[in-house]
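Below: the structure, in structure tokens.
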Amino acid sequence: MLYAQAWQPVVSRIPLDATRPKVPDPFERLFLEEYPKVVAIAYRVLADRSAAEDVAQDVFIQFHRRVSPSDERAAGWLHAAAVHSALNLIRGERRRAQRETAHAVDPAQPTGANPERLVVEAESRREVRQALRKLPQRTAALLMLRYSGLSYAEVATALGTKVGNVGTLLRRAEEALRKEVNRATPE
Amino acid sequence: MRHLSDGTLRRIYDEPLALTSLDQAHFDGCTECKARFESIANTAGATATLLSVPGFAPEPAAGLRSVRMRIRTGETARPPRWYERWLDRTSRWRPIATPAIALVLAVVLLTGVTATGLAQSWFRVFEPRTVAPVSVVPSDFAGTGALLDYGAVTWLPDAPTLHQLSDATAAAAQSGLPVLMPASLPKGVTGGVSFGVVSHATGSLTFDAERLRASAAKNGVHVNTMPARINGSKLIVNAGPALLEAWGLSASASEVQMPTLVIAQTRVPTVDSTGATAAELEDYLLSQPGVPPDIAAQIRAIKDPSSTLPIPIPKGLATTEQVQVNGVQGLLIKAVLGAGVVWEGKNGVIYAVGGQLTPDQVLAIARSLH
Chain G
1 MLYAQAWQPV
11 VSRIPLDATR
21 PKVPDPFERL
31 FLEEYPKVVA
41 IAYRVLADRS
51 AAEDVAQDVF
61 IQFHRRVSPS
71 DERAAGWLHA
81 AAVHSALNLI
91 RGERRRAQRE
101 TAHAVDPAQP
111 TGANPERLVV
121 EAESRREVRQ
131 ALRKLPQRTA
141 ALLMLRYSGL
151 SYAEVATALG
161 TKVGNVGTLL
171 RRAEEALRKE
181 VNRATPE
Chain F
1001 MRHLSDGTLR
1011 RIYDEPLALT
1021 SLDQAHFDGC
1031 TECKARFESI
1041 ANTAGATATL
1051 LSVPGFAPEP
1061 AAGLRSVRMR
1071 IRTGETARPP
1081 RWYERWLDRT
1091 SRWRPIATPA
1101 IALVLAVVLL
1111 TGVTATGLAQ
1121 SWFRVFEPRT
1131 VAPVSVVPSD
1141 FAGTGALLDY
1151 GAVTWLPDAP
1161 TLHQLSDATA
1171 AAAQSGLPVL
1181 MPASLPKGVT
1191 GGVSFGVVSH
1201 ATGSLTFDAE
1211 RLRASAAKNG
1221 VHVNTMPARI
1231 NGSKLIVNAG
1241 PALLEAWGLS
1251 ASASEVQMPT
1261 LVIAQTRVPT
1271 VDSTGATAAE
1281 LEDYLLSQPG
1291 VPPDIAAQIR
1301 AIKDPSSTLP
1311 IPIPKGLATT
1321 EQVQVNGVQG
1331 LLIKAVLGAG
1341 VVWEGKNGVI
1351 YAVGGQLTPD
1361 QVLAIARSLH
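Read top to bottom, the protein sequences are chains G and F. By my numbering, the letter at position 126 of the first sequence is numbered 126, and the numbering carries on one by one without gaps. By my numbering, the letter at position 192 of the second sequence is numbered 1192, and the numbering carries on one by one without gaps.
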């Protein structure tokens, strides 16, 4: 009798790690995980892509020098450093003036966008950042961390507070920002 | 049931599942909470609009390449300096630093103090105007006495931090102290100068008899019962800012480095007490385990300890002598590997110059600072 083996599955064992891109260095692994968040935080504060990436890279270089990437507080350290560095930057008078002139209109907007709308949006961003400068640093930091997309737990870790307090602090911070913006642009 | 707090209602807006079933049941049936939620949601929505920015997706791989290159080549990415490592280590050892601070206070706290009083119940127990050597054997402090916990240490608002700065103007601005330079550098001192600024800090230690008893029991040591007047009293330590200038630190070395020359200055630290007097504190603390008897004897022998800063000198490794620096008395320390001089200026600033130099060289530098 003749048998023909038409099909036989071949099973080979591949270590689970082999299916992922290899990132052996803990610093690199942390960088790849956290860099988008760190940039997002700085960008939310500065509304300037290039300045946000500069801040994020400075933060990681500082981190590399001071903190172990395996430290359980590493991500919180990075988020806090990003928001405070960026807020300190918008509080610096000279740089602020330069940046506002250079990036009054976002250069990365599609060329087909309505120029009038872009100018209005840029002016609105400028006013909001002026209001942010007048808020206490911690209040501004809380707003920026949360609106950058960090969870309540991540915000709490970065600011060294309890998760249960974040809602209350956020509510107060939003009210404070609203009042500051209204004060700057009275009806 | 009470209405939900603003904080809870705000959280529902972002994380609806964070609500407990009890809170959810209340919310579902409460028109007032729903109305407040509407208002909170409107503010949150308006804030999201205010803080919106155009979309942007950064490229981590490109960012990593840039950071790697800066770490390899840039000054900002150099390994931590010896003093940064030291500070990092002390801040990581916060729990151990608690008893260590009590021990340091035991070394510096004093008898015969005149209460200058910030208020009626406050005593200025320490404000040094001169320096004196206290011979120590470092291993004496490594015994079980060093593990005792005398009470809660808190920093108001934060523990001191060290900022490394690249230029003299920024260092002077941040520390409020003038950058001092020697008239000339000895041959062995080369390379650029690095600056470090330690921020001003106010710390408090609240004595807690129960905590001390618990830590003593845990470590199997006998301690004398804390007197009632000390239990609950508080020491307030005011220190800094400090400015460090260091020469001879390579930007590329990865191991801990010793600088060839360091010039340091700091505002005179002060210690105030609520309740317990300096004499009571000294009597009690110096008799505790962990304070070697000969050190206790040396501190008791200091004539005016409330205004004398004890400088620990490792026994057998260094000798000291009194010297004059710019019209005030200072302490010259001669060690095998180097020398240093410490003095307090008439302006309420403590200065130190030290390094891998001869005693004559550090004295010449100290006297030429401008």
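We put the CB at the ideal spot given by N, CA and C, even for glycine. The model shown is predicted, which means the values in this text are computed figures rather than measured ones.
Nearest-angstrom Cβ-Cβ length linking His79/G and Val38/G, presumed shorter than 8 Å: For the purposes of this step, residue 79/G is taken as residue 79 along the first sequence, with counting starting at 1. For the purposes of this step, residue 38/G is taken as residue 38 along the first sequence, with counting starting at 1. In this structure His79/G is in contact with Val38/G, their Cβ atoms being roughly 7 Å apart against a cut-off of 8 Å.
Within 8 Å of chain G by C-beta, residues of the region 1027–1058 of chain F in sequence order: Ile1040, Thr1043, Ala1044, Ala1046, Thr1047, Ala1048, Leu1050, Leu1051, Val1053, Pro1054, Phe1056, Ala1057 and Pro1058
Rounding to the nearest angstrom, what Cα-Cα distance links Ala1297/F and Lys1315/F in this structure? By one-based count along the second sequence, residue 1297/F stands at place 297. By one-based count along the second sequence, residue 1315/F stands at place 315. Their Cα atoms are separated by approximately 15 Å.
So, is Val1336/F buried or exposed, given that buried needs 16 or more other C-beta atoms within 10 angstroms? Taking the second sequence and counting its residues from 1, one reaches residue 1336/F at position 336. By the neighbour-count rule (16 or more Cβ atoms within 10 Å), Val1336/F is not buried but exposed.
Of all the CB atoms in chain F, is at least one closer than 8 Å to the CB of Arg91/G? The sequence position of residue 91/G within the first sequence is 91, counting from 1. No, because no Cβ of chain F sits closer than 8 Å to the Cβ of Arg91/G.
Mind checking whether Ala1339/F and Leu1357/F have CB atoms under 8 Å apart? Counted from its first residue, the second sequence places residue 1339/F at position 339. Counted from its first residue, the second sequence places residue 1357/F at position 357. Their beta carbons are under 8 Å apart, which means Ala1339/F touches Leu1357/F by this criterion.
Which term fits Gln1329/F, buried or exposed, when burial requires 16 or more other beta carbons within 10 angstroms of its beta carbon? Position 329 of the second sequence holds residue 1329/F. In summary, Gln1329/F is exposed, with fewer than 16 beta-carbon neighbours lying within 10 Å of its beta-carbon over all protein chains present.
Considering only the alpha carbon of each residue, which of Ile1040/F, Val1134/F, Gly1045/F and Ala1172/F lies closest to Val1198/F? Translated into the one-based positions of the second sequence, residue 1198/F becomes position 198. Of Ile1040/F, Val1134/F, Gly1045/F and Ala1172/F, the residue nearest in Cα terms is Ala1172/F.
Buried/exposed call for Leu1017/F, threshold 16 Cβ in 10 Å: Here the question's residue 1017/F lines up with position 17 in the second sequence. So Leu1017/F counts as exposed.
Option in Ala1216/F, Glu1321/F, Ala1201/F and Val1193/F with minimal Cα separation from Gly1151/F: Looking up residue 1151/F in the second sequence gives position 151. Minimum Cα distance to Gly1151/F is reached at Ala1216/F.
Is there a C-beta anywhere in chain F that falls below 8 Å from the one on Ile41/G? Counting from one through the first sequence, the residue named residue 41/G turns up at place 41. Not flagged as an interface residue toward chain F: Ile41/G, since no C-beta distance is shorter than 8 Å.
C-alpha distance - Leu32/G paired with Leu1064/F, whole-angstrom precision: By one-based count along the first sequence, residue 32/G stands at place 32. By one-based count along the second sequence, residue 1064/F stands at place 64. Whole-angstrom Cα-Cα distance: 8 Å.
Report the residue from Ala153/G, Leu150/G and Glu53/G whose alpha carbon sits nearest the alpha carbon of Leu89/G. In the first sequence, residue 89/G corresponds to position 89, counting from 1. Minimum Cα-Cα distance from Leu89/G among the listed residues Ala153/G, Leu150/G and Glu53/G corresponds to Glu53/G.
Applying the 10 Å Cβ sphere with the 16-neighbour rule, what's the burial state of Arg1089/F? Start at 1 with the first residue of the second sequence, and residue 1089/F comes out as number 89. Note that Arg1089/F scores a pLDDT of 42, beneath 50, so its modelled location is shaky and nothing firm can be said.
contact_flag[the region 43–62 of chain G, the region 166–181 of chain G] where n(CB pairs < 8 Å) is 3 or more: No, because fewer than three Cβ pairs between the region 43–62 of chain G and the region 166–181 of chain G fall closer than 8 Å, the two stretches do not touch.
What is the rounded straight-line gap between the Cα of Ala1183/F and the Cα of Val1271/F? In the second sequence, residue 1183/F corresponds to position 183, counting from 1. In the second sequence, residue 1271/F corresponds to position 271, counting from 1. Their backbone Cα atoms lie some 35 Å apart in a straight line.
Tell whether a beta-carbon distance below 8 Å holds between Tyr147/G and Ala1048/F. Start at 1 with the first residue of the first sequence, and residue 147/G comes out as number 147. Start at 1 with the first residue of the second sequence, and residue 1048/F comes out as number 48. Contact: yes.
One question on the structure: do Gly1188/F and His1163/F come within less than 8 Å of each other, judged by their Cβ atoms? Within the second sequence, numbered from 1, the residue matching residue 1188/F stands at position 188. Within the second sequence, numbered from 1, the residue matching residue 1163/F stands at position 163. Cβ atoms of Gly1188/F and His1163/F: not closer than 8 Å.
Measure the alpha-carbon distance for Glu123/G versus Ala42/G and round it to whole angstroms. Residue numbering aside, residue 123/G sits at position 123 when the first sequence is read from its first letter. Residue numbering aside, residue 42/G sits at position 42 when the first sequence is read from its first letter. When rounded, the distance between both Cα atoms is 19 Å.
Please state whether DSSP places Ala1242/F in a helix, a strand or coil. Your numbering for residue 1242/F matches position 242 in the second sequence. Strand, per DSSP.
Span of the beta strand (DSSP E), counted from its first residue to its last, around Val1193/F: Along the second sequence, one-based indexing puts residue 1193/F at 193. Start and end: Val1193 to Val1198.
Could you name the residues of the same chain whose beta carbon sits closer than 6 Å to that of Ser1121/F, not counting the 5 residues immediately before and after it, in chain order? Residue 1121/F sits at position 121 when you count from the first residue of the second sequence. Its pLDDT being 43, under 50, Ser1121/F is placed unreliably in this model, and the coordinates cannot settle the point.
Assuming Leu1243/F and Leu1177/F are in contact, meaning their beta carbons sit under 8 Å apart, how far apart are those beta carbons, in whole angstroms? Counting from one through the second sequence, the residue named residue 1243/F turns up at place 243. Counting from one through the second sequence, the residue named residue 1177/F turns up at place 177. Yes, they are in contact, since the Cβ atoms of Leu1243/F and Leu1177/F sit about 4 Å apart, within 8 Å.
Considering only the alpha carbon of each residue, which of Arg1267/F, Leu1185/F, Leu1205/F and Pro1054/F lies closest to Ile1230/F? By 1-based counting over the second sequence, the position of residue 1230/F is 230. Of Arg1267/F, Leu1185/F, Leu1205/F and Pro1054/F, the residue nearest in Cα terms is Leu1205/F.
Give the secondary structure of Asp1272/F by DSSP, where H, G and I count as helix, E and B as strand, and everything else as coil. In the second sequence, residue 1272/F corresponds to position 272, counting from 1. In the structure shown, Asp1272/F sits in a strand (DSSP, three-state: E or B).
Suppose contacts are defined by Cβ-Cβ distances below 8 Å. Is Ala86/G in contact with Leu46/G by that definition? Residue 86/G sits at position 86 when you count from the first residue of the first sequence. Residue 46/G sits at position 46 when you count from the first residue of the first sequence. Contact: yes.
Residues of chain F with CB closer than 8 Å to the CB of Pro36/G, please, in chain order. Sequence index remark: in the first sequence, residue 36/G carries index 36 (1-based). Chain F residues near Pro36/G: Ala1057, Pro1058 and Pro1060.
Segments of 4+ residues assigned as alpha helix (DSSP H) that fall wholly inside the region 1277–1343 of chain F: 1278–1286 and 1293–1301
Cβ distance (whole Å) where Ala173/G is taken to contact Leu142/G below 8 Å: To locate residue 173/G, count along the first sequence from 1; it is residue 173. To locate residue 142/G, count along the first sequence from 1; it is residue 142. With a Cβ gap of about 5 Å, Ala173/G and Leu142/G count as contacting.
Flag this pair as yes or no: are the beta carbons of Val1134/F and Ile1295/F separated by less than 8 Å? On the second sequence, residue 1134/F is found 134 positions in, with the first residue counted as 1. On the second sequence, residue 1295/F is found 295 positions in, with the first residue counted as 1. Yes.
Quick check: is any heavy atom of the ligand MN less than 7 Å from the C-beta of Glu123/G? This structure does not include the ligand MN; it has no bound ligands of any sort.
Give the single residue among Thr1277/F, Leu1285/F, Ile1302/F and Ala1264/F whose Cα lies nearest to the Cα of Ile1375/F. Lying before the first or after the last residue shown, residue 1375/F is absent from chain F, which here runs from 1001 to 1370.
Along the chain, where does the beta strand (DSSP E) containing Gly1354/F start, and where does it finish? Stepping through the second sequence from its first residue, residue 1354/F is reached at position 354. Val1349 to Gly1355 is the span of the beta strand (DSSP E), which, as asked, contains Gly1354/F.
Would you mind stating whether Gly1348/F and Val1237/F have Cβ atoms separated by less than 8 Å? Position 348 of the second sequence, counted from the start, is the residue given in the question as residue 1348/F. Position 237 of the second sequence, counted from the start, is the residue given in the question as residue 1237/F. No.
Using only the alpha-carbon positions, how far apart do Thr1320/F and Leu1332/F sit? Within the second sequence, numbered from 1, the residue matching residue 1320/F stands at position 320. Within the second sequence, numbered from 1, the residue matching residue 1332/F stands at position 332. Annotation: Thr1320/F to Leu1332/F spans about 5 Å, alpha carbon to alpha carbon.
For Leu1118/F, name the three-state secondary structure that DSSP assigns. Position 118 of the second sequence, counted from the first residue, corresponds to residue 1118/F. Per-residue confidence for Leu1118/F stands at a pLDDT of 30, beneath the threshold of 50, marking its modelled position as unreliable; no derived number is given.
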